[in-house]
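Residues 4 to 256 in my numbering are what the sequence shown lists, from first letter to last. Here is the structure we will look at.
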Amino acid sequence: MELPTDEAHLWLAATDAGLFSPEVLESCRAYLTIEERAQEHTFLSPHVAHEFVIARALCRTVLSRYAALDPLDWHFTKNKYGRPEIDNGPPDCRLHFNISHCDGLVACIVAQDRDIGVDVECISRNISHLEIAKSMFSPREYSALSSLPQSQHLRRFFEYWTLKESYIKARGMGLSLPLDQFSFAIDHREVSISFQGLDDHPGAWQFDLLQPSLRHQAAACIKKGVGAPRLNIVEFHVEPQTTAVPFPLRIIA
């Protein structure tokens, strides 16, 4: 499968209860390492454990669409902040990836030769969003959020949250980057970032807000380079199929 340098591909799999039969989950589990199979059993919620299995299987099989390597042969390492990265691959492999999963959805984003991050969140959760925003967002973001009509609070909160998560994941530094030291401004679907203490250039990054389902919010962050044109994000939605050959997920859109 071709992955042009001016594109990022976002793979999405719904994981709602009933979609994945025990047989399909077992087919997905076949793509996990011994360590990952052990990690599956550390989750208290069976559904979260299933999402973990699907996410790992989706990641390996997606990468194998772009490189001549069997899904079982991909190996990953983690940087000092915990971000998974490719530890092997064909000599000409220039793939970068990032994964995210939440209640009912798994996402995997892939691009060539550039840092990327993705975050997905379920917006139907009952959370104290204004309290969280006040303690974790920048003052500029909290002011913008609290000034909106109350009916818009929850959606905007998750837009900010997924944007922030996608950025710190693309940087590969996680929460070692203080969330209140960079701010997002959202004008309709246009997104811009500014920094209050971090050493970075706003023009180096591209941000996209996505709504993969009625109850999910997602955001993607791509390092495009200062002055470079925006990349096109191509979405692929997959669903389980009855046969596990070559993989128990097939493209539906």
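No residue lacks a Cβ here, since even glycine has one placed at the ideal position from N, Cα and C.
- In the DSSP assignment, W208 falls within the unbroken beta strand (DSSP E) covering 208-216.
- Contact check for L151 against R143 fails: the beta carbons are separated by 8 Å or more.
- Pairing K227 with I119, the inter-Cα distance amounts to about 9 Å.
- About 5 Å separates the Cβ atoms of F23 and P243, confirming a contact at the 8 Å cut-off.
- For G200, the closest C-alpha among the options P87, S216, P181 is that of P181.
- Pairing R68 with E88, the inter-Cα distance amounts to about 17 Å.
- Each residue's CA atom was taken as its position, placing N129 and Q184 some 26 Å apart.
- For P243, the enclosing beta strand (DSSP E) covers residues 235-243.
- Between the alpha carbons of C96 and H132 lies a gap of roughly 41 Å.
- Rounded to whole angstroms, the separation of the alpha carbons of E162 and H156 is 10 Å.
- Between I57 and H191, the alpha-carbon positions lie close to 33 Å from each other.
- Residue pairing for R253: DSSP places it in a beta bridge opposite E242.
- Nearest Cα to F100 within the set Q115, G107, V109, G92: Q115.
- The secondary-structure analysis by DSSP pairs V113 across a beta bridge with H12, F100.
- For L28, the CB contacts under 7 Å within the same chain, skipping 5 residues up- and downstream, are H53, V56 in chain order.
- Counting along the chain, A70 sits inside no alpha helix (DSSP H), nor does DSSP assign it H or E at all.
- Between W14 and V65, the gap from beta carbon to beta carbon is short of 8 Å.
- For P181, the three-state secondary structure derived from DSSP is coil.
- Excluding residues up to 5 positions away in sequence, nothing lies with its Cβ nearer than 8 Å to the Cβ of G21 in the same chain.
- Bridge pairing for F79: I89 [DSSP].
- In this structure, the beta-carbon distance from L234 to A222 does not fall below 8 Å.
- The shortest CA-to-CA distance from R174 to any of A207, I189, L148 is the one to A207.
- In this structure, A33 keeps its C-beta atom at 8 Å or more from the C-beta atom of G107.
- In the three-state reduction of the DSSP assignment, S150 falls in the coil class, being assigned neither a helical nor a strand state.
- Inclusion of S103 and V123 in the CB contact set at 8 Å is warranted, their separation being smaller than that value.
- As DSSP reads the structure, E124 sits in a beta bridge with Q220.
- Under the criterion of beta carbons closer than 8 Å, I171 and A11 do not qualify as touching, at roughly 18 Å.
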